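K.L.:
Chains as they are written, first to last, in our numbering: chain A, 1 to 248; chain B, 1001 to 1871.
Handing you a structure now.
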Amino acid sequence: MSGRPAETWETPLGSLPAASSWQEQRDPGGVEGKQCFLYPQDCIWAEIIRWVLKSRLSQCLVLEFLSNSCFKPVKVSHSQITRLYSRFTSLDKGENGTLSREDFQRIPELAINPLGDRIINAFFPEGEDQVNFRGFMRTLAHFRPIEDNEKSKDQNGPEPLNSRSNKLHFAFRLYDLDKDDKISRDELLQVLRMMVGVNISDEQLGSIADRTIQEADQDGDSAISFAEFVKVLEKVDVEQKMSIRFLH
Amino acid sequence: MRQVSGVGLLLGLMALPVALGQRSSESAINSNQSFAIVSFKWDHVKEPYIIALWILVASLAKIVFHLSHKVTRVVPESALLIVLGIVLGGIVLAADHIASFTLTPTVFFFYLLPPIVLDAGYFMPNRLFFGNLGTILLYAVIGTVWNAATTGLSLYGVYLTGIMGKLNSGVLDFLLFGSLIAAVDPVAVLAVFEEVHVNEVLFIIVFGESLLNDAVTVVLYNVFESFVAIGPTNVTGIECLKGIVSFFVVSLGGTLVGIFFAFLLSLVSRFTKHVRIIEPGFVFIISYLSYLTAEMLSLSAILAITFCGICCQKYVKANISEQSSTTVRYTMKMMASGAETIIFMFLGISAVNPDIWMWNTAFILLTLVFISVYRVIGVVLQTWILNRYRTVQLEIIDQVVMSYGGLRGAVAFALVALLDKDKVHDKNLFVSTTIIVVFFTVIFQGLTIKPLVQWLKVKKTEHREPKLNEKLHGRAFDHILSAIEDISGQIGHHYLRDKWSNFDRKFLRKILMRRSAQKSRDQILNVFHELNLKDAISYVAEGERRGSLAFIRSPSTDNMVNVDFSTPLPSTVESSVSYLLREKAGPVCLDMQALEQRRKSIRDTEDTLAHHTLQQYLYKPRQERNSSVIPNGTIPSENPVQDFTMKEKDLEFSESEENNDYETLHLGKGVDFLANVTQQNFTDNSTGDMDHDVEMTEYSSSDDQLNQNGSVSVNPLHFFPSCLQMPWTQNYSSLENRENISLSSVSEYIASCDPNVPDLFWESGTDTNNKETVNSGYCSEVSYKSENSQEENSLLIFEGLEDSYLKEPQEKKMLLDVQGNYRSAAARRVQSRRSFHRPKPLQHPKLQKLASLPASCHVPPHSLEQEETQL
């Protein structure tokens, strides 16, 4: 994703709407502190892809274009994009090119996942209740395994979404509800209650939460900051444990 | 091999009458003479005697090896044992002129292999194993077939060129040989890899492969053996098809047999509560039965027992008691390690036998070359395929270690020894080659793999302490990943694991786990528990270092009964704790599971001493810390326990003196007394943060006051002599007996408390330090333990009793103010609990109450019995 798009954008499908509909915004799923550009804020891309898929134009061409331009930071292959796009449309019951929370909640396995709601929320940029395909892909991209050739990559480029710290940050944000960059005791307790379940009394959970915080806490504020979070998990193979191989 | 092993058993049975006959003839000779006071009956004990001697020799050899650290660090034990075996075999041969001891397939497959494989299965890191199952299966199935086919065919190809000279073998014989030499051997892999701590993934792949390829080996071996028997001309396509079908039947069948027996074993272990002593026996017997059943059905026995171990471990570990679990663990490790020792030694001994040797340089050398080369090629090819699908890539270094770790061992030797000389004309050549291959891989590769691993800088396992954070966040990661897989709509590991754990939670656990275990089994909780125990132990160790536990002891302990424990107590407790620590210091580093084992061994400490020490001392300081903030909170939960135990002592003592009629009153007053005392504690505590010592004195004084006031009708002197006179150990053992009871009362007590209280407590505890968190951990630990050890029906009784009690007292209410209410309730509970634990039940009024309990209490009669036997 290099720079800002031109006024009109020549695509294999012809020129796209003028620049007025493109918006620059801070990417919620992006790397901290770095400006990323989200191209069409609404569902233009989804529409394009849908139209292409329907009209059976040269899909490869379009998808290649997409993966080269749009999804470069996401780094997924064409076949993955097609597969995930078809998944996206199958989830999209409203057929408006975006997913709402209800769309996610309709997935039966997600409904019983103790962290399901938190994870669904992670897909939505702050204050919004729709996510387009691009945002969808961005979130999923956190879980792409780190390739060998990426490890030795130059450090000055933007940090890829699937880097260790981004993976960790994704997990961290699930705990950190109030977005103060700290996991407080209450926040931890909530997650614990969801995960460990009903068999354990509140006191036990409370003592577990305390011990957990105490184990990670370094500055004595009785909360886990992101730095402490990273530190306490430094021995864990996060790259491996937070990666799945998306099917082709 | 399976049929022949049956024949071996038959032979063994036939040998039995011969031995008996010898004995009878001997006794006949004896009877001719006058009565002999002492007679020498060597033949009578010969067989077991020799077996025992060999085991002793092997075990002693192990001791000798480990006298020198230098040797064992460089040379793997298996290699040393083989060399020792060769030496011993040489001695025997020189003395006897025949090789009388060899590793027979029967002994190997029936007695030596099962313990090793069971050990592997029972301590299999399941998550790792199933996470890599696809990889393992590919290597085990395709890899083994590839090795067998290429080795056999290449050897045959070279044979056709005439380098090997004249052999009486066709292509099928070569394939047969290839199939038995192809399989990586679990025993050898374990023996070598446990000394080279490579990372878990690598280990599980090589080791898993060696376990699972058994099915392939068995099928290939059987197929080619029968092909050789019927002759190459009669082999048709249908026969080959049958071979392929038989592979699926043998492997899946073996697995199913294993799973079935695992189910059975888990189910049985659910009901062994009353037969704790033989509990560990079930684990061994049922898994051994799975092995034999699979063997009987000519399925893969190794797969059966492996899967039996893998599937049952979770439920069995949850069901059986801590002690049984320790017994199982150590027995299993001991048997596996012993069997391994014997196998390697006998491999060495078996090699010294002039009858089996037939040297063919070309054949032997080429076999070595081919198995190594094809192993490398196979690994590289398969890894290349696998890496397209694996999340964790297998790097070049891993591939090198995997290729190099393809060790052959006793399974190949036992299989080749099973060959029928009439059908396979070159059996001796095959046997000698197998021996050479085994020795080469175990000794040479075993020797060099360690330097290789170091040189390649292969990632190794690190033994580190489990962290609560890691466990907790790891759980969160799992949930996240399974959610992501759900969202992205693909069926991957996490999806499947999630499905499985749901299924497990909904159905399997309900069937296979004790109800008490169902609740408390949670890994996060376990880690938490272990960490607390570890803290406790280091706490005690600190006390040991300082020479006394005084710094731990809180005033409240002393205050309760005015007994000074300092003289008898520390010696006993400390020595035993130091013993525990010592035991842990020498790590039993048997294999990959060493880490787990370590952690488990901490759990052992929970059994008795440390646990009790905890209960008595460790978490005391919290009381006075928090009590200033909390009016009548959950925290003093330990107190009633102690009151109770001490009180109980007193009661037992006083019972001999006092009338039974007295006792009701006595009990009631006792409760009041307790309530008073604790109440007093509270007011004292609330005065603020005082130094321990100050408080201690204050406590004792206040208590004395109490006694002198005469407000308590129980003669306080009763407390003193009984507790002082009892040696601490005895005191302790009696406590242990009632541990369950008292703990359960505590946990229930906690549960019954005001839900607001914990919050209050926690608010006060937010700026806690180390100690306090440990303390808070104790609460949960107590109830955890109690849930574990306590069955629900006894709780039912308990509640029933409590109800009957609550109706009764009136004067008590007057004596207790609101503050003491909780405590007295707990004390009463404890009391009521105690009352039906009496050895003389029917004389006791409370017990009569129990007998007249309404049917709604659902008291199974055995629960009462059981509780009684505890006393």
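The C-beta atom is built at its ideal place from N, Cα and C for all residues, glycine as well.
All figures in this text were calculated on a predicted structure; none of them were measured in a lab.
1) Confirm, please, whether the CB-CB distance from B:Val1117 to B:Pro1186 is below 8 Å.
2) Taking the alpha helix (DSSP H) that B:Tyr1139 falls in, what are its first and last residues?
3) Can you tell me the Cα-Cα spacing of B:Leu1088 and B:Val1442, whole angstroms?
4) Taking just the CA atoms, how far does B:Leu1112 sit from B:Val1141?
5) Going by C-alpha distance, which of A:Asp117, A:Glu187, A:Asp217, A:His169 is nearest A:Gly206?
6) Measure from the C-beta of B:Thr1383 to each C-beta in chain A and report whether the shortest distance is under 8 Å.
7) State yes or no: is the beta carbon of A:Val301 nearer than 8 Å to at least one beta carbon in chain B?
8) In chain order, what residues of the stretch 1394-1420 of chain B put their CB closer than 9 Å to some CB of chain A?
9) For the stretch 1141-1158 of chain B, enumerate the residues whose C-beta is nearer than 9 Å to any C-beta of chain A, in chain order.
10) B:Ser1287 and B:Leu1265 - do their beta-carbons sit closer together than 8 Å?
11) Where does B:Leu1265 sit, in a helix, a strand or coil, going by DSSP?
12) Counting only C-beta atoms, is A:Phe226 closer than 8 Å to chain B at any point?
13) Check the Cβ of B:Glu1530 against every Cβ in chain A and list those closer than 7 Å, keeping chain order.
14) Bridge partners for B:Val1401 per DSSP, in chain order?
15) So A:Leu84 contacts chain B; which residues on that side make the cut at Cβ distance below 7 Å?
16) List, in chain order, every chain B residue whose beta-carbon is nearer than 9 Å to that of A:Ala141.
17) Using a Cβ distance threshold of 8 Å, determine whether the stretch 1295-1310 of chain B contacts the stretch 1347-1359 of chain B, with at least three qualifying pairs required.
18) Take B:Thr1255 as the anchor and find which of B:Ser1298, B:Phe1344, B:Ile1086, B:Pro1280 has the nearest alpha-carbon.
19) Of all the options B:Phe1193, B:Arg1505, B:Val1249, B:Ser1169, which has the alpha carbon lying nearest to the alpha carbon of B:Tyr1156?
20) What does a CB cutoff of less than 6 Å around B:Phe1207 pick up in its chain, not counting 5 residues either side in sequence?
21) Would you check if the distance between the CB atom of A:Met249 and the CB atom of B:Arg1127 is smaller than 8 Å?
22) Contact check, B:Phe1108 vs B:Leu1175 under 8 Å by CB: the rounded distance?
23) Use the C-beta contact count for B:Lys1499: other C-beta atoms within 10 angstroms, 16 or more gives buried, fewer gives exposed.
24) List, in order along the chain, the chain A residues whose C-beta lies closer than 7 Å to that of B:Asn1469?
25) How about A:Gly94: is its C-beta nearer than 8 Å to some C-beta of chain E?
26) Could you tell me which uninterrupted alpha helix (DSSP H) segments, each at least 4 residues in length, are contained entirely in the stretch 1405-1489 of chain B, listed from first to last along the chain?
27) Report yes or no: do three or more beta-carbon pairs, one from the stretch 1318-1328 of chain B and one from the stretch 1426-1435 of chain B, lie closer than 8 Å?
28) Count the other CB atoms within 10 Å of the CB of B:Thr1150; is the residue buried (16 or more) or exposed (fewer)?
29) Buried or exposed: which applies to B:Val1074, given that a residue is buried once 16 or more other Cβ atoms fall within 10 Å of its Cβ?
30) Quick one: list the residues of chain B neighbouring A:Leu174, beta-carbon separation under 8 Å, in chain order.
31) Can you give the Cα-Cα distance for B:Asn1360 and B:Gly1162, rounded to whole angstroms?
32) According to DSSP, is A:Ser225 helix, strand or coil?
33) Taking all protein chains shown into account, decide if B:Asn1532 is buried (16 or more other Cβ within 10 angstroms of its Cβ) or exposed.
34) If B:His1479 and A:Pro114 are in contact, beta carbons under 8 Å, what's the gap, nearest whole angstrom?
35) Flag this pair as yes or no: are the beta carbons of A:Val230 and A:Ser165 separated by less than 8 Å?
36) What does A:Ile267 pair with, by DSSP beta-bridge criteria?
P.N.:
Let me lay it out:
1) Numbered from 1 along the second sequence, position 186 holds the residue referred to as residue 1186 of chain B. Numbered from 1 along the second sequence, position 117 holds the residue referred to as residue 1117 of chain B. Yes, the pair counts as a contact, with Cβ atoms nearer than the cut-off.
2) Numbered from 1 along the second sequence, position 139 holds the residue referred to as residue 1139 of chain B. Per DSSP, B:Tyr1139 belongs to no alpha helix (DSSP H) and is neither H nor E.
3) Along the second sequence, one-based indexing puts residue 1088 of chain B at 88. Along the second sequence, one-based indexing puts residue 1442 of chain B at 442. Each residue's Cα considered, the two are about 19 Å apart.
4) By 1-based counting over the second sequence, the position of residue 1141 of chain B is 141. By 1-based counting over the second sequence, the position of residue 1112 of chain B is 112. Using only the alpha carbons, I get a separation of about 24 Å.
5) Mapped onto the first sequence, residue 206 of chain A falls at position 206. Ranking the options by Cα distance to A:Gly206, first place goes to A:Glu187.
6) Translated into positions along the second sequence, residue 1383 of chain B becomes position 383. Chain A contact via Cβ: absent.
7) Lying outside 1 to 248, the shown extent of chain A, residue 301 of chain A is not represented and no answer is given.
8) Glu1395
9) none
10) Start at 1 with the first residue of the second sequence, and residue 1265 of chain B comes out as number 265. Start at 1 with the first residue of the second sequence, and residue 1287 of chain B comes out as number 287. For B:Leu1265 and B:Ser1287, yes; Cβs fall inside 8 Å.
11) By one-based count along the second sequence, residue 1265 of chain B stands at place 265. The answer is helix: DSSP assigns B:Leu1265 an H, G or I state.
12) If you number the first sequence from 1, residue 226 of chain A lands on position 226. It does not: the Cβ of A:Phe226 has no partner Cβ on chain B nearer than 8 Å.
13) The residue given as residue 1530 of chain B occupies position 530 in the second sequence. Those within 7 Å of B:Glu1530 in chain A number zero; the least Cβ separation is about 11 Å.
14) One-based indexing of the second sequence puts residue 1401 of chain B at position 401. Answer is none; B:Val1401 lacks a bridge partner.
15) The residue given as residue 84 of chain A occupies position 84 in the first sequence. Within 7 Å Cβ-Cβ: Ser1488.
16) Working through the first sequence from its first residue, we reach residue 141 of chain A at position 141. Those within 9 Å of A:Ala141 in chain B number zero; the least Cβ separation is about 11 Å.
17) no
18) Counting from one through the second sequence, the residue named residue 1255 of chain B turns up at place 255. It is B:Ser1298.
19) On the second sequence, position 156 is the one that residue 1156 of chain B refers to. Nearest option by C-alpha distance: B:Ser1169.
20) Taking the first residue of the second sequence as position 1, residue 1207 of chain B is located at position 207. Once the five neighbours on either side are set aside, the close Cβ partners of B:Phe1207 are Val1189.
21) Within the shown structure, residues of chain A are numbered from 1 to 248, placing residue 249 of chain A beyond reach of any answer.
22) In the second sequence, the residue the question calls residue 1108 of chain B occupies position 108. In the second sequence, the residue the question calls residue 1175 of chain B occupies position 175. Going by Cβ atoms, the distance from B:Phe1108 to B:Leu1175 rounds to 23 Å, so no, they are not a contact pair.
23) As a working note, residue 1499 of chain B is residue 499 in the second sequence. B:Lys1499 should be labelled exposed.
24) On the second sequence, residue 1469 of chain B is found 469 positions in, with the first residue counted as 1. Within chain A, the residues near B:Asn1469 are Thr212, Glu215, Ala216, Val232, Leu233.
25) Protein chains in the displayed structure are A and B, and chain E is not among them.
26) 1410-1417, 1427-1439, 1446-1456, 1468-1488
27) no
28) Sequence index remark: in the second sequence, residue 1150 of chain B carries index 150 (1-based). It is buried - the Cβ of B:Thr1150 has at least 16 other Cβ atoms within 10 Å.
29) If you number the second sequence from 1, residue 1074 of chain B lands on position 74. So B:Val1074 ends up on the exposed side.
30) Counted from its first residue, the first sequence places residue 174 of chain A at position 174. The contacting residues are Ala1476, Ile1480.
31) Within the second sequence, the letter at position 360 stands for residue 1360 of chain B. Within the second sequence, the letter at position 162 stands for residue 1162 of chain B. Rounded to the nearest angstrom, the two C-alpha atoms are 12 Å apart.
32) The sequence position of residue 225 of chain A within the first sequence is 225, counting from 1. DSSP places A:Ser225 in strand when its eight states are reduced to three.
33) Position 532 of the second sequence, counted from the first residue, corresponds to residue 1532 of chain B. When all chains shown are included, B:Asn1532 counts as buried.
34) For the purposes of this step, residue 1479 of chain B is taken as residue 479 along the second sequence, with counting starting at 1. For the purposes of this step, residue 114 of chain A is taken as residue 114 along the first sequence, with counting starting at 1. At roughly 6 Å, the Cβ-Cβ gap stays under 8 Å, so B:His1479 and A:Pro114 are in contact.
35) Locating residue 230 of chain A in the first sequence gives position 230, where the first residue counts as 1. Locating residue 165 of chain A in the first sequence gives position 165, where the first residue counts as 1. Yes; because the gap between Cβ atoms is below 8 Å, this pair is in contact.
36) Residue numbering for chain A in the displayed model covers 1 to 248; residue 267 of chain A lies beyond these limits and cannot be assessed.
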